[in-house]
Structures are given as C-alpha cells and as structure tokens.
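Chains as they are written, first to last, in the working numbering: chain A, 363 to 720; chain B, -3 to 299.
What follows is one structure encoded as structure tokens, with my remarks underneath.
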Amino acid sequence: MRYRLIRRDHASTRAAVIAPLAALVLAMATSAVLFAIIGVAPGAATYALLVEPLADWGSLSEVLLKMGPLLLIAQGLAIGFRARIFNIGAEGQLILGAIFASAIPVYFPTAAGWWIWPAMMVMGALGGALWAAIPAFWRARLNANEILVTLMLSLVATQVLNYLLLGPWKDPAGFNFPQSVMFQWDAMLPVLFPGTRVNISFLFALVATLAAFVYMQRSFQGYQLLVGGLAPRAAGYAGFEESRAIWLSLLIGGAAAGLAGAAEVAGPIGQLQRSVSTGYGYAAIIVAYLGGLHPVGILFSSFLMALLYIGGDSAMVTAGLPVAAVRTVQGLLLVFYLGGLTFIRYCLVAVEPAGKPV
Amino acid sequence: MSAAEFILSGMLAAATPFLLAALGELVVERSGVLNLGLEGIMAFAAAIAFIVVYQGGGHMLAFGVAAIAGAALAMVFGVLVLTFRANQVAAGLAIGILGLGLSSLVGKPYESLTITGLPKLALPGLSSLPVVGGLFVQDAAVWLSLIATAAIWYMFRATKLGLTIRAVGENPHAAHAIGTPVIALRAAAIAFGGAMSGVAGAYASTVYTPLWADGMIAGRGWIALALVVFGTWMTGRVFFGACLFGALSLAELTAQAAGVGLPSQLLASLPYLVTILILGIISSDRRRMRLNAVASLGEPFET
C-alpha cells in the first residue's frame, strides 16, 4: 500500500486551522529531543518556553511588548508575500526607521512639545519606506530579484547603524559605548498600561491589523495584489500593473518595519543602540507565514512568536537553555507548518501499487 | 609583497566558499528548484566541521561530515518542496533560519576556539613565477574546488546527465513524458547542492578562518545565491564571479590595513553594495536574462 497526495476540490478550512497547531506540537516535540541532546531538561525548557510567560501580568505584558513590532512588520510583509513580492529585508527597513526617528532627538536633544514622538513615528515609517524603495526600483525598473536586494540591504543597514553609533551620533558622555544620547521625555511613546513597558505602539499594530484586513479582504487594490500573486498572467490580462504591485508591496512593508523600528527606540530602548536590531525583521517572516498570510492568523502567530521570545529568556534562566535554541524552535515551527500547509489543498490517499486510488 | 600580489595569491582561497556553494546552487537551480537556505546550510555544516576538526577528526573527515550534514539539511528542504509541494521561497527561508539556529546551538561551546588550517601545496614551476606565482600556491581544498568547477562545466556541456538536468529545469512535463524521473532527479540535485554548501561552510570555518565565531558565514551564502544570477546560470561565469568576490574581500582587508580614508563600515558593506549594483546591471538586460534563466525555476512539479 502506498500513499499519494491528491488535490482537493476545495481548500480545507479544517486543515488550515489544524496545520499551525500540529506544527507547534511537532516543533516542540522535535525541540524537546534536541534539548535533551544538548543536555537541557526538555520538560522544564518546554514549560519555561510556553507557559511561564503567561503566569503573571508582568511577564505577559513583556510578551505584548514583543508582539507589537512582530505583528506590525508581519502585517506589512504579508501583503507583499501574497502578491509574491518577497521582501525579506524588513530587518534593514526597521533599522533605517529607527535611525530616521532618532534623528529628531539626536539633533534636537532639548526640544520639547507634544509633537516630538508623533514626528518620530512619521520619520520612522518614511525611513523604512525609503530603504524599501531601493529594492522596489531595482525590481520594477531593473528587473533585479528583490529577495537578494532586500537581504543585502539589511546587511548594509547594520553597517550604517554601526557607523552612526561609533561615529557622528555617539553620545559624548556615554563612556565610549556605541549608543546615542538618551532621548528626552517628549521623544518617548506614552505607556499604554501603567506599571508595564507596553506603549501605544501596540495600538499601532492593532490598527495596522485592522487596516490590513480591510485592505486585503475588502479593497479593489488589495484584490489586484492578490490576483497578481495567485495568477500573474491573469493579472496582466486584466491590466493590473506588476510594477505598481511591486512598489505598493515594498513601500507598505518598509513603512511598517520602519514604524516598528521607530517605536523600539522611542519605546523600550529610549535611545539608538545596536540592540534595536534583534532579528524582529527575520522573525516577522515566520510570523507572516505561520499566520497563513492572513491578518487574523498573524494576530495569533505574532503572539506565539513573542511568547517564544520571552519564554526563551526565562528558559535561559530557569532551564539553562541557550538563546540560539529559540531560533531553532522558530525554524522548526516554520518547517513543520509548511509541510502541514500542503493538507489544505491536498489530501493523502492510499493507492494500490499500480497507482489506482483504492 | 605588494597589494596586487597579496590579492592574487589569496583570491582563490577567499573565493572557495562562494564558489562551492554557488556551484551546488547552480545545479539545483538548473534542475528547476530555488533553494534560498544556503546561508543556514553553510553555517550549520561549518559548525559541525569545526567541531570534528577540534575533536581531532582531521580535515578529511570534517569535510565528509559537513557534506553529509549539508545534504541532510537540504533534504529537509527537498521533502518540503518535492513531497509536500511547499512554496520554495518560504521553505528555503525556513531552512535558512533553522540552519542558523542549529549552527549557534551546536557551536556555542566552541565560541572563539581556534584550530589549524590546511598546508599550502605549490604547483612546481608555475609557483616560482614572479607576481602571479602566489596563484599557484593553494591548499588541497582549493585545488579540488577548481577540479569540481571543471567537472560541473563539463557535465553541463557534454554529458547526458547535464542535459537531463537542464531538460528537467526547462520543461519538467516534457522530461517526465519521455520517462525522466523528475522528482528523483531534483531530489538528487538538492542533496548535491546541500553537500556542496556544506563543504563550502566547512572550508570557511576550518581552513579559511580556522576559528569558530557565531555568524561567521556572514552573508556568504546569500552572495553565492547572487553569483548564480550574475553568472546567468553558466558555470564559467559563476567561477569568475566567485573570483571577483574573493578578490574584493581581500581588497577590503588591504584597504583597511593601509588605512585609506574610508570608514571601515563602508568597506564592510562593499561586497553587498557591489552585489546590488551588479545584480541591477545584469538583470536589466531582460532579453539575456530570459534567454538564460531556468524556465521552471521555483515552480512545483505535479504529474
């Protein structure tokens, strides 16, 4: 008896819901084996990863703090991914957003007024979008693969950040640490829940989710992008321009990542430093796929990914799990999910050796 | 030694990680599959190879184990895209992230430790030439990678296997119709590409810079991917591209040592900026890209 994948008549909604859950179970099971191999108690590590962060409001609020940027970036990326424009350089766009936003407090360290943090957010989105405009131009006008260009630009962005922090933007009173001055009060985002670090950028992410939902599910432009991804030729016949899809996808993705970067420096960090780039831009790719590239799904997947980050921190303390383990778990999660995704469109059927369905 | 001599003698060794990974990816892409996970596969195999050498296994064993590790990780990608017909871009990224994670995980206890590389072997006669002599003093792995380049060039140019791989990449349905096992051939290509990336990573961590540092592959897998596009899927051009990047990375070192008035961050970004620039120039020749690009690249095959 052999098994074959047969295309379903209709996409299975049940499989769409089960796939991410099954992926989580399989990824955690595989990770447990890996943890045991490297000498970490699997039970304690799994508990620390998935349960401990939910135990009290303090750590749950940290999960929400991490969830904000992941959610925001992933919503932007998913729009492009659905149109088959693969922006994998959100990390660089986030860095540029952080740099642009920091320009205000760095050059006007004593400025005061209600307008400062909003202006920084606008600058951040602008910086991210400008950085993403380079691959957009390269792809739309020069026909160059956007996957490679966006990735390369992320590596360049890291160097730009290093240059600024070691050179012109280094805090003169900062004991030679590679960081900018601490931002003034008016440059900081207001806190959303008193007593926690969750700030109003969490609301930006929720608004972005709503906007992405309306844009992708309800607007004609979103529909054009979707058709361009699913059936590029049909989109061409219908007169949907590919170059417009490229520009829209990259600019939206870049602006979202830039805004997330601005919210990091104006939020939990409070200055420009290297730790602004902690891999949110890469993790958001996983978040976008794990959420099925759907605005509502991404809401859940960003929470899960944030949980893994905070859980990773507590697992390091309580179970001695190395930080890199979290990245491995994330990779496994995506691997199993992509395998499970198949069952939305296909079902497994037993066939006789001759190849006929039973 | 002048700067030119320094670059000339070190160019091939610097080019080897790019070259091996790009050659493997060339075969994979020629068969119609895009594996974006090179960076992660290289990093994972580099860590494994380093551990083997550090534990006294020797370079030969390290390269073999790295090839197997690379092929194994690549086959996870292979199962995803061939058996489960997953999106190749997403699956490649997943493998890349997984490989980088595994690399940090297994390499952690070895952080900053060093080992010894490989001795240089000189071609008698040629190596005593003035100026270009250094080009003919290389370690065994470099000589082998040059042989591999020639072998792959010959395979695509003159053998049935090379023709079959190209046929599968250009039109898998036609190839299937005449009885070519499309899926099996692609699986073999993916495993081969993974093994090549594995050896590329092993060369980087155990010969070129024989020390372990997390993130030491530093974008080389991505540049290797770009090299396949630069080379418009031709073995000879991929080889020249790899040499160019080898020379560029040495030029960067020379410039840093000589203290030219440029910030070191600009020099460090140079390979990426050059990649972006060349990618734009080569890709904008749409006619030539269409002529050489693999027709079914990235498309899943279904009978």
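For every residue, glycine included, the Cβ atom is placed at its ideal position computed from N, Cα and C.
Interface annotation, Thr408 of chain A: not in contact with chain B, CB-CB separation never under 8 Å.
For Lys104 of chain B, the secondary structure class from DSSP, reduced to helix, strand or coil, is helix. Around the beta carbon of His55 of chain B, 16 or more other beta carbons sit within 10 angstroms, so the residue counts as buried. At least one beta carbon of chain B lies nearer than 8 Å to the beta carbon of Ile509 of chain A.
Inside the region 659 to 716 of chain A, DSSP marks whole alpha helix (DSSP H) runs of 4 or more residues at positions 686 to 707, from first to last along the chain. Membership of Val256 of chain B in any alpha helix (DSSP H) is not indicated, and neither H nor E is assigned to it by DSSP. Per DSSP, reduced to three states, the secondary structure at Gln546 of chain A is coil, with no helix or strand assignment. The C-beta of Glu35 of chain B has 16 or more other C-beta atoms within 10 Å across all chains shown, which makes the residue buried.
For Phe665 of chain A, not one C-beta of chain B is nearer than 8 Å to its own C-beta. Chain-order list of chain B residues neighbouring Ala686 of chain A: Gly97, Ser100, Leu101, Lys104, by C-beta distance under 7 Å. Counting along the chain, Lys116 of chain B sits inside the beta strand (DSSP E) bounded by residues 116 to 118. The beta-carbon separation of Thr408 of chain A and Met390 of chain A, rounded to 6 Å, stays under the 8 Å limit for a contact.
In the DSSP assignment, Leu565 of chain A falls within the alpha helix (DSSP H) that extends over 563 to 580.
As computed with DSSP, Thr110 of chain B is found in a beta bridge with B:Leu207.
In the displayed model, Arg81 of chain B falls within coil according to three-state DSSP, outside both helix and strand.
Pairing Arg636 of chain A with Ala473 of chain A, the inter-Cα distance amounts to about 24 Å. About 7 Å separates the beta carbon of Ile509 of chain A from that of Leu32 of chain B, a gap short enough to meet the 8 Å contact definition. For the pair Gly103 of chain B and Trp208 of chain B, the CB atoms are nearer than the 8 Å cut-off.
Contact annotation: Leu114 of chain B and Asp135 of chain B have beta-carbon atoms nearer than 8 Å. Take the alpha-carbon of Ile277 of chain B and the one of Asn449 of chain A: they are about 20 Å apart. Cβ contact annotation for Ile562 of chain A (same chain, cutoff 7 Å, sequence separation greater than five): Leu551, Pro552, Leu554, in chain order. Between Ser279 of chain B and the set A:Leu504, A:Leu523, A:Phe545, A:Leu655, the nearest pair of CA atoms involves A:Leu504. For Leu269 of chain B, the C-beta contacts it makes with chain A under 7 Å involve Val518, in order along the chain.
Ile368 of chain A is bridged by DSSP to A:Cys709. By the neighbour-count criterion, in which 16 or more other beta carbons inside 10 Å mark a residue as buried, Trp531 of chain A falls on the buried side. In this structure Ala646 of chain A is in contact with Ala436 of chain A, their Cβ atoms being roughly 4 Å apart against a cut-off of 8 Å. The region 240 to 256 of chain B and the region 36 to 49 of chain B do not touch, with fewer than 3 CB-CB distances between them shorter than 8 Å. Note on Phe539 of chain A: under 16 other CB atoms within 10 angstroms of its CB, so exposed under the neighbour-count rule. Of B:Ala200, B:Ser100, B:Leu78, the smallest CA-CA separation from Thr112 of chain B is found for B:Ala200. Under a criterion of Cβ atoms nearer than 7 Å, no residue of chain A is adjacent to Phe59 of chain B; the nearest Cβ is some 23 Å distant. Among the residues facing chain A, Phe40 of chain B is not included, as its CB has no counterpart in that chain under 8 Å away. The Cβ atoms of Ala191 of chain B and Ser99 of chain B lie no closer than 8 Å to each other.
No Cβ-Cβ contact shorter than 8 Å links Gly702 of chain A with Ala90 of chain B.
Taking all protein chains in view, the Cβ of Arg501 of chain A is crowded by 16 or more other Cβ atoms within 10 Å, so the residue is classified as buried. When C-beta atoms of the region 283 to 298 of chain B are compared with those of the region 159 to 167 of chain B, three or more pairs fall below 8 Å, so the two segments count as touching. Each of B:Ser260, B:Val61, B:Cys239, B:Gly92 was checked against the Cα of Leu19 of chain B, and the nearest Cα belongs to B:Cys239.
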